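> This is the structure I have questions about; it appears just below.
Protein chains: 2
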Amino acid sequence: MNVSDTNIEDLDDDLRPLVKGVLNGEQLSLSRLISSIENGDPGYRDAVKVLHSHATGTRTIGITGQPGAGKSTLVDKLVDRLREQDLTVGVIAVDPSSPYSGGSVLGDRVRQTSRSEDRDVFFRSMSARGHVGGLAAATFDVVHAMDAFGKDVILIETVGAGQNEVEIVRAADTVCVVALPGAGDDVQANKAGILEIADVFAVNKADFDGAKSTALELQQMIRIGQDLERSNSGDPVEEPANWVPRVELTVATKDEGVDDLINAFDAHYEHIEKSGELAETRGRRFEQEVRTHLSNELDELGDAVVEAHHDLLTADNDPYTASEELVTPFRRAVEDYLRDD
Amino acid sequence: MNVSDTNIEDLDDDLRPLVKGVLNGEQLSLSRLISSIENGDPGYRDAVKVLHSHATGTRTIGITGQPGAGKSTLVDKLVDRLREQDLTVGVIAVDPSSPYSGGSVLGDRVRQTSRSEDRDVFFRSMSARGHVGGLAAATFDVVHAMDAFGKDVILIETVGAGQNEVEIVRAADTVCVVALPGAGDDVQANKAGILEIADVFAVNKADFDGAKSTALELQQMIRIGQDLERSNSGDPVEEPANWVPRVELTVATKDEGVDDLINAFDAHYEHIEKSGELAETRGRRFEQEVRTHLSNELDELGDAVVEAHHDLLTADNDPYTASEELVTPFRRAVEDYLRDD
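Line by line, the protein sequences are chains D and R. The first sequence maps to residues 1 to 341 in our numbering. The second sequence maps to residues 1 to 341 in our numbering.
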């Protein structure tokens, strides 16, 4: 599979043993390698290239939702169930609330889970600090590392607050949006977007008032969304049928509804495997990763050009005029590049 | 002042009357022009260029903090005070919680404020939808529009959740972080970052338990931060003295502590005016705007290149190798460009 030019023996002296360790399933190596990715250590990209060539395409499940929806507890219970099925699990908890340089909320903290002693669960929190290419790129890299390590399932938990987090969770095979009872208004306001990314809804804290009506509202919105799609497609008999997002009631703290939620995930995965959507999703994810990396590299080049042309940043200029001037060499390069094809 | 090549008479037919209206202080034109910015209507950048050339450098105050900290209520009270001083006010409420395409939480909603009838307060919510260059670029553009319109003070309210929101609030002359009583742990965890961006802290809901101890904790952290800075600078007698972030207790719902907060803002502004930091801040903001616009333009070019080279997105490749290949023409162009200088 390894067609990349980067060979494991060519890796940086510090990273080579870590990559070998990860491929041998050594937990400590995985932990250290992820730190290297987060810190942007020299040569980490080559390490990721090698790991990518050993990745098999592990199943990924994204869990997102507003702060306070109970995502962490739910993820813990999901891990328990997956372990009972003898699946090894990786968890990436993405924490965007620490965007300030040097700050860190979850990054250095090991979250206490019921599986802290279980060597077949690997839990990692990631914050925005450190990684040169931002949180999305780092998360993609860690998915490849956990995949190459041999995890059977990877859960990616994010707070659904910003564009970057959506980019991250969207990259998962199955996306679960955790909602709260009585979130009707918010859900209503967000419906276009939520319907767009959710494959499964978990109405968590379902022992609170309004859980059932929230579930009903979601189901109604899903039905309207499906009707719209059908009327837009113009094809009355479509095969294979579209996936209809499932809505499950859960009480994570009491471990209720978690089996149904896992079943919904499995049903979705089976559906996308059969329909060919899985291959499409993976293709989109690859493209998203390339765009993310390219965007980061272009930003570095852009910074170099801004540094070299501080003379444009004068009071008698304006930011758009300055940026248009600075983008000119890039634009010309792209025109040449595309013409040469 | 207008040295930009873009003349008001050259603007798009739809935008020309709006820009003229904004410069004449017509509220409806401002509202429509902001919509054009949000929607990325053809020619909106040229409109912003013209407005920028008429901007005078209005004072901007950024208000940020976690969801639920009471930012909106506090902003309403601040507006009341500023109006009592006969200052005209623009408010931009940046809502990052609606990152999904087509979704909108605050965008179309007119927030009810006590000043809804006051023509000298202009309130605008902005969400991520629509604007081609993202929320940060749109917010910068709207600041220029409100400035050219003639507002005396512009308040920029954001939820402090993601990298982009920090980028936005950092662009303000004075940054106020709204904290909650008992937020000790969070604050502790975030201290490096919060100390970095906050010029003034408002411990809001100060009628709840723990407000005073939270204020004390913040003051302690500020002192430690200042000591560190002094010992790093190696200069025992530094003139002019650094700004020491102020901590104010507020109860926005009861209108308590708002005068002190305004006084703290004024003291900070006076300090940065005298020390020359204001000019530095404005320079940094200009540079930040150029980087943001350039980054958006480069992303568009990057997308075009990815589209044209889908052949690189194959299973035997990896995302880093593909992006390195795609960045090559850009890299060469920058090298040539910088060499030619």
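For every residue, glycine included, the Cβ atom is placed at its ideal position computed from N, Cα and C. Here the structure is a predicted model, which means the values were calculated and not measured.
Please classify Ser349 (chain R) as buried or exposed, where buried requires at least 16 neighbouring CB atoms within 10 angstroms.
What the structure shows of chain R is the stretch from 1 to 341, and residue 349 (chain R) is not part of that stretch, so it cannot be assessed.
> Which stretch, first to last residue, makes up the alpha helix (DSSP H) that contains Ala357 (chain D)?
The structure shown does not extend to residue 357 (chain D), since chain D spans only 1 to 341, so no value can be given for it.
> Based on the DSSP secondary-structure assignment, which residues constitute the bridge partners of Glu256 (chain D)?
Paired residues: D:Val251.
> Determine the direct distance from the alpha carbon of Leu216 (chain D) to that of Lys205 (chain D), and round the result to whole angstroms.
Taking the straight line joining both Cα atoms gives about 15 Å.
> Please name the residue, chosen from R:Asp118, R:Ala315, R:Gly40, R:Leu82, that lies closest to Gln27 (chain R) on a Cα-to-Cα basis.
Measuring from the Cα of Gln27 (chain R), the nearest candidate turns out to be R:Asp118.
> Whole angstroms is fine: what's the gap from Ile61 (chain R)'s alpha carbon to Ala198 (chain D)'s?
Near 37 Å, if we compare the C-alpha coordinates of Ala198 (chain D) and Ile61 (chain R).
> Following the continuous beta strand (DSSP E) through Ile63 (chain D), name the residue where it begins and the one where it ends.
That run of the beta strand (DSSP E) goes 59–65.
> If you measure between the beta carbons of Ala47 (chain D) and Leu15 (chain D), is that distance less than 9 Å?
Taking 9 Å as the Cβ cut-off, Ala47 (chain D) and Leu15 (chain D) qualify as a contacting pair.
> Going straight from the alpha carbon of Leu326 (chain R) to that of Ala304 (chain R), what length do you get?
The straight-line gap from Cα to Cα measures roughly 10 Å.
> Rounded to whole angstroms, what's the CA-CA distance from Ala145 (chain R) to Pro329 (chain D)? Just pull it up for me.
Rounded to whole angstroms, Ala145 (chain R) to Pro329 (chain D) spans 30 Å at the Cα level.
> Which stretch, first to last residue, makes up the beta strand (DSSP E) that contains Pro149 (chain D)?
In the sequence under discussion, the amino acid at residue 149 (chain D) is Phe, which differs from the Pro named in the question. First-last for Phe149 (chain D): 134–149, but that is the alpha helix (DSSP H), not the beta strand (DSSP E).
> Considering only the alpha carbon of each residue, which of D:Val175, D:Gln66, D:Pro42, D:Glu38 lies closest to Ser127 (chain D)?
The candidate whose alpha carbon is nearest that of Ser127 (chain D) is D:Glu38.
> Assess, as a yes-or-no matter, whether the stretch 264–276 of chain D is touched by the stretch 164–175 of chain D under the definition of 3 or more beta carbon pairs within less than 8 Å.
Yes, the stretch 164–175 of chain D is in contact with the stretch 264–276 of chain D.
> Which of the residues in the stretch 311–322 of chain D, read from start to end, lie with their CB under 9 Å from any CB of chain R?
Listed by position, the residues of the stretch 311–322 of chain D near chain R (Cβ gap below 9 Å) are Leu312, Leu313, Thr314, Ala315, Asp316, Asn317, Asp318, Pro319, Tyr320, Thr321, Ala322.
> Could you give the distance in angstroms between the alpha-carbon of Val258 (chain R) and the alpha-carbon of Val75 (chain R)?
Roughly 10 Å between the two C-alpha positions.
> Taking 9 Å as the CB-CB cut-off, is Asp336 (chain D) touching chain R?
By this cut-off, Asp336 (chain D) is an interface position.
> Please report how far the alpha carbon of Ala333 (chain R) lies from the alpha carbon of Leu301 (chain D), in whole angstroms.
In a straight line, the C-alpha of Ala333 (chain R) is about 10 Å away from that of Leu301 (chain D).
> Measure the C-alpha to C-alpha separation of Lys212 (chain R) and Pro181 (chain R) and round it to an integer number of angstroms.
Using only the alpha carbons, I get a separation of about 8 Å.
> Would you mind reading off the limits of the beta strand (DSSP E) that contains Asp80 (chain D)?
First-last for Asp80 (chain D): 71–84, but that is the alpha helix (DSSP H), not the beta strand (DSSP E).
> Assign Asn296 (chain D) to one of two classes, buried (16 or more other C-beta atoms within 10 Å of its C-beta) or exposed (fewer than that).
Result: buried.
> Out of R:Asp255, R:Lys20, R:Ala179, which has the shortest C-alpha to C-alpha gap to Val247 (chain R)?
Checking every option, the nearest Cα to that of Val247 (chain R) belongs to R:Ala179.
> Could you list the residues in the stretch 27–58 of chain R with a C-beta less than 7 Å from some C-beta on chain D, going in chain order?
Hits within the stretch, in order: Arg45, Val48, Lys49, His52, Ser53.
> Give the secondary structure of Glu26 (chain R) by DSSP, where H, G and I count as helix, E and B as strand, and everything else as coil.
Coil.
> Under 8 Å between beta-carbons, which chain D residues line up against Pro283 (chain R)? List them in chain order, please.
Inspection of the sequence shows that residue 283 (chain R) is occupied by Gly rather than by Pro. Within 8 Å Cβ-Cβ: Leu313.
> With DSSP as the reference, label Phe208 (chain R) as helix, strand or coil.
Coil, per DSSP.
> Counting only Cβ pairs nearer than 7 Å, list the residues of chain D close to Leu74 (chain R).
Simply none; closest approach about 20 Å.
> Just checking: is the beta-carbon of Leu15 (chain R) within a distance shorter than 9 Å of some beta-carbon in chain D?
It does not: the Cβ of Leu15 (chain R) has no partner Cβ on chain D nearer than 9 Å.
> From the DSSP output, read off the bridge partner residues of Arg246 (chain D).
DSSP, once it has assigned bridges, lists D:Val200 as partnering Arg246 (chain D).
> Can you pull the chain R neighbours of Asp259 (chain D), defined as C-beta to C-beta under 8 Å?
Neighbours of Asp259 (chain D) on chain R: none; closest Cβ ~29 Å, over 8 Å.
> Going along the chain, which residues of its own chain have a beta-carbon closer than 6 Å to the beta-carbon of Met1 (chain R), five neighbours each way excluded?
Caution applies to Met1 (chain R), whose pLDDT of 37 falls short of 50 and renders its modelled position unreliable; the value that the coordinates give is listed next. Same-chain partners within the cutoff: Ser53.
> So is Leu315 (chain R) buried or exposed if we call it buried at 16+ other beta carbons inside 10 Å?
The question names Leu, but residue 315 (chain R) in the sequence shown is Ala. Ala315 (chain R) should be labelled exposed.
> Residue range of the alpha helix (DSSP H) that Asp155 (chain D) falls in?
Going by the sequence as given, residue 155 (chain D) is Leu instead of Asp. Careful: Leu155 (chain D) lies outside any alpha helix (DSSP H), inside the beta strand (DSSP E) at 153–159.
> Beta carbon of Gly90 (chain D), beta carbon of Thr58 (chain D): below 9 Å?
Cβ atoms of Gly90 (chain D) and Thr58 (chain D): closer than 9 Å.
> Based on the DSSP output, what are the partners of Ala171 (chain D) in its beta bridges?
For Ala171 (chain D), which the question treats as bridged, DSSP gives no partner whatsoever.
> Return the bridge partner residues of Asp95 (chain D) from the DSSP annotation.
DSSP output for Asp95 (chain D) lists D:Ser127 as bridge partner(s).
> Per DSSP, which residues does Phe265 (chain D) bridge with? Please list them.
In the DSSP output, where bridge partners are listed per residue, Phe265 (chain D) has none listed.
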